[in-house]
Amino acid sequence: MSRALINDPKLNRYIAANFVPVAASIERLQPSRYGGDESDSSRWFGRVAERAFAEFAPPGWWDTFQTYQGFYVVGHDGAVFDYKVAWGLEPDDMTDALAEASTQYRRHPPRRVVISDHVVRQAEHVLPKSVAGALRVFNRVTTETRSDTDAHNGIGRDHAWIYREDVIAILDAGRQIRQRFDLPAALVARLVRFHLLDHARNVSEDFDADQVQKAQFRARCIAVEGDLATFSVQGTYRSEGRTQEDGEAFGVVGTIDLRFVLDRSTKRVARFRGYGRATAWGQTGNGAPPGRYGVEFALVDVDDAISAAVPPFYAGLNPAAAALYRTPTVDAAPGR
Amino acid sequence: MPDSLGVHRPDWRTTTSALLATALAIGAAAQRAPRDLEEHVRRVLPSKAEARWLEIPWQTNLMRARQLSQQQRKPMFIWLMDGHVLGCT
Numbered sequence: 153m154s155r156a157l158i159n160d161p162k163l164n165r166y167i168a169a170n171f172v173p174v175a176a177s178i179e180r181l182q183p184s185r186y187g188g189d190e191s192d193s194s195r196w197f198g199r200v201a202e203r204a205f206a207e208f209a210p211p212g213w214w215d216t217f218q219t220y221q222g223f224y225v226v227g228h229d230g231a232v233f234d235y236k237v238a239w240g241l242e243p244d245d246m247t248d249a250l251a252e253a254s255t256q257y258r259r260h261p262p263r264r265v266v267i268s269d270h271v272v273r274q275a276e277h278v279l280p281k282s283v284a285g286a287l288r289v290f291n292r293v294t295t296e297t298r299s300d301t302d303a304h305n306g307i308g309r310d311h312a313w314i315y316r317e318d319v320i321a322i323l324d325a326g327r328q329i330r331q332r333f334d335l336p337a338a339l340v341a342r343l344v345r346f347h348l349l350d351h352a353r354n355v356s357e358d359f360d361a362d363q364v365q366k367a368q369f370r371a372r373c374i375a376v377e378g379d380l381a382t383f384s385v386q387g388t389y390r391s392e393g394r395t396q397e398d399g400e401a402f403g404v405v406g407t408i409d410l411r412f413v414l415d416r417s418t419k420r421v422a423r424f425r426g427y428g429r430a431t432a433w434g435q436t437g438n439g440a441p442p443g444r445y446g447v448e449f450a451l452v453d454v455d456d457a458i459s460a461a462v463p464p465f466y467a468g469l470n471p472a473a474a475a476l477y478r479t480p481t482v483d484a485a486p487g488r
Numbered sequence: 092m093p094d095s096l097g098v099h100r101p102d103w104r105t106t107t108s109a110l111l112a113t114a115l116a117i118g119a120a121a122q123r124a125p126r127d128l129e130e131h132v133r134r135v136l137p138s139k140a141e142a143r144w145l146e147i148p149w150q151t152n153l154m155r156a157r158q159l160s161q162q163q164r165k166p167m168f169i170w171l172m173d174g175h176v177l178g179c180t
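For the protein sequence lines, the chains are V and Z, in the order given. Taking our numbering, the leading residue of the first sequence gets 153, the next gets one more, and so forth. Taking our numbering, the leading residue of the second sequence gets 92, the next gets one more, and so forth.
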């Protein structure tokens, strides 16, 4: 999907004015694809998707891709008024399609149904109590090496979680000002395996524990004021894996600087800033620049409704992935 | 009370003083963050033009969206991707 389509002001105003807009993920609404658990929402949406594919999907779409992804116009009773894969659609074409679907909705208004508050509460997603801080992670291909194409000018996004046990371990290890220590191993592994990845075109594959050759993150407490302790971290990392689809080697090697403030009384992240610079390679199948190219990362703390409702990608796949996301390891020894 | 996405927010009337004190302290600590780190971070963050789609009032609770759709007599526009649309996709 093009950046021009999702950021077109006229189209966005049209959607906001005429629809109840819903943003969702396959992991929640088609959980069988990634081994997740079914829910009221996924069961309801599965019936919607069946109708959508029967009436609106391109021939062979489901048999080829087996994914529910796309744009849907749906009534509250599950009636489907349009479905589009939307790859390559222009904003005006999309607006015209939505206008037609809206007309069909008014001609055939959905029947009244009961949607209980209990069902709504069950479908709510909130930040787990074990999470001490949510971060928003962004990445870009650096200006020196990117072309003018959409693929090279996209921005990778994800959320990252810092857990309460990470905060407690940092506060414990960093009691003495300016004494250096290794950042907790699980936090380092979480960053290098699941977050220092080039998502600028599509979700990148993560790294396995044995694909991380180096992950050295040295920290020190640089100031304490009341309950707030400020930490500085310098990290270096190198990882290389093979894509599942075609076995192409992909990797990243780089550095990162973190500066964050932890609240010693609440054991929560009060502020977080991180900037990383790396050289990446591989994944040309999803449009990455050929050869080696530069990547930048930014990590910032966030406390809003979206970050509470949307988990980090790898934490949201299924329960087993969520457990791994919380306590990952790397084979590289600290200091390597 | 939960907000439109079901997130419980603190009662501002009872927490304003504490939050203000904490914010001032965090602000003081943050001033020690190197300016070049802040500038590097800012350069990577999405521009306003790159984040226009986030101005749409997206619902993340499908069942709540169904309720709203029925109440407002508007169809739902559902955007579904591999990876959450508002997270990593």
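Beta carbons: idealized from backbone N, C-alpha and C, even for Gly.
Residue range of the alpha helix (DSSP H) that includes residue i
i	result
Arg411(V)	Here Arg411(V) belongs to no alpha helix (DSSP H); instead the beta strand (DSSP E) covers Ala401 to Asp415.
Trp196(V)	Asp192 to Glu207
Trp433(V)	Segment Arg420 to Trp433 is the beta strand (DSSP E) holding Trp433(V); no alpha helix (DSSP H) there.
Asp244(V)	Pro243 to Arg259
Ala476(V)	Before going further, note that residue 476(V) is Leu rather than Ala in the sequence given. Note, Leu476(V): alpha helix (DSSP H), Pro471 to Arg478.
Val271(V)	Asp269 to Gln274
Ser160(Z)	Leu153 to Gln163
Lys162(V)	Pro161 to Asn170
Ser391(V)	No alpha helix (DSSP H) holds Ser391(V); the beta strand (DSSP E) holding it covers Leu380 to Arg394.
Ala338(V)	Ala337 to Phe346
Beta carbon proximity, residue i to chain V, threshold 9 Å
i	result
Arg164(Z)	yes
Thr105(Z)	A caution first: Thr105(Z) carries a pLDDT of 38, below 50, which makes its placement in the model unreliable, though a value can still be read off. Chain V contact via Cβ: absent.
Arg89(Z)	Nothing about residue 89(Z) can be read from this structure; chain Z reaches only from 92 to 180.
Ala121(Z)	Only weak support is given to the placement of Ala121(Z): the predicted model assigns it a pLDDT of 48, under 50, and the value that follows is read from those uncertain coordinates. Yes - at least one Cβ of chain V is within 9 Å of the one on Ala121(Z).
His175(Z)	yes
Cys179(Z)	yes
Where residue i meets chain Z, residues with beta-carbon distance less than 8 Å
i	result
Thr395(V)	Result: empty, since nearest Cβ-Cβ is about 15 Å, beyond 8 Å.
Gly227(V)	Ser160, Pro166 and Met167
Tyr427(V)	Leu128, His131, Val132 and Val135
Ile329(V)	Near Ile329(V) there are no residues of chain Z at all, since even the closest Cβ is about 13 Å away, more than 8 Å.
Ala253(V)	Pro166
Leu250(V)	Phe168
Contact set between residue i and chain V, taken where Cβ atoms lie within less than 7 Å
i	result
Arg143(Z)	Asn159, Pro161 and Asn164
Closer than 9 Å to chain Z by CB, residue i
i	result
Gln221(V)	yes
Asn470(V)	no
Glu190(V)	no
Asp350(V)	no
Leu181(V)	yes
Asn438(V)	no
Trp313(V)	no
Arg342(V)	no
Glu400(V)	no
Trp214(V)	no
Ile458(V)	yes
Leu287(V)	no
Ala461(V)	yes
Chain Z residues whose Cβ lies nearer than 9 Å to that of residue i
i	result
His260(V)	Per Cβ cutoff of 9 Å: no residues; His260(V) is ~11 Å from chain Z at best.
Asn170(V)	Lys165, Pro166 and Phe168
Phe233(V)	Pro166
Ala224(V)	According to the sequence as given, residue 224(V) is Tyr; it is not Ala. By Cβ distance, chain Z contributes Met167, Phe168, Ile169, Trp170 and Leu171.
Unbroken beta strand (DSSP E) run spanning residue i, endpoints
i	result
Asp318(V)	Segment Arg316 to Ala325 is the alpha helix (DSSP H) holding Asp318(V); no beta strand (DSSP E) there.
Val265(V)	Run containing Val265(V): none; DSSP gives neither H nor E here.
Contacts of residue i in chain Z (Cβ-Cβ under 7 Å)
i	result
Tyr257(V)	Pro166
Glu448(V)	Val135
Asp409(V)	Leu128
Ser193(V)	Leu153 and Met154
Arg420(V)	Those do not exist, as Arg420(V) stays about 10 Å from chain Z at its closest Cβ, beyond 7 Å.
Proximity of residue i and residue j at Cβ, strictly below 9 Å
i	j	result
Met154(Z)	Tyr224(V)	no
Gly439(V)	His270(V)	no
Trp433(V)	Ala484(V)	no
Gly468(V)	Gly178(Z)	yes
Ala472(V)	Gly212(V)	no
Arg429(V)	Ile408(V)	yes
Ala352(V)	Arg292(V)	yes
Asp324(V)	Arg370(V)	no
Phe412(V)	Val385(V)	yes
Trp214(V)	Phe208(V)	no
Gln111(V)	Asp192(V)	With chain V covering 153 to 488 only, the question about residue 111(V) has no answer from this structure.
His277(V)	Ala475(V)	no
Asp234(V)	Pro262(V)	no
Ala367(V)	Ala341(V)	yes
Phe359(V)	Gly393(V)	yes
Rounded distance between the beta-carbons of residue j and residue i, thought under 8 Å
i	j	result
Met172(Z)	Ser177(V)	6 Å
Thr395(V)	Gln435(V)	6 Å
Lys236(V)	Gly222(V)	6 Å
Pro183(V)	Ala312(V)	That belief does not hold up - the Cβ atoms of Pro183(V) and Ala312(V) are roughly 22 Å apart, past 8 Å.
Ile314(V)	Leu339(V)	7 Å
Val452(V)	Arg288(V)	6 Å
9 Å Cβ cutoff, residue i in contact with chain C
i	result
Ala175(V)	Included in the structure are the protein chains V and Z, with no chain C among them.
Closer than 8 Å: residue i CB and nearest the ligand ADP heavy atom
i	result
Ala169(V)	The model depicted lacks the ligand ADP and carries no ligand whatsoever.
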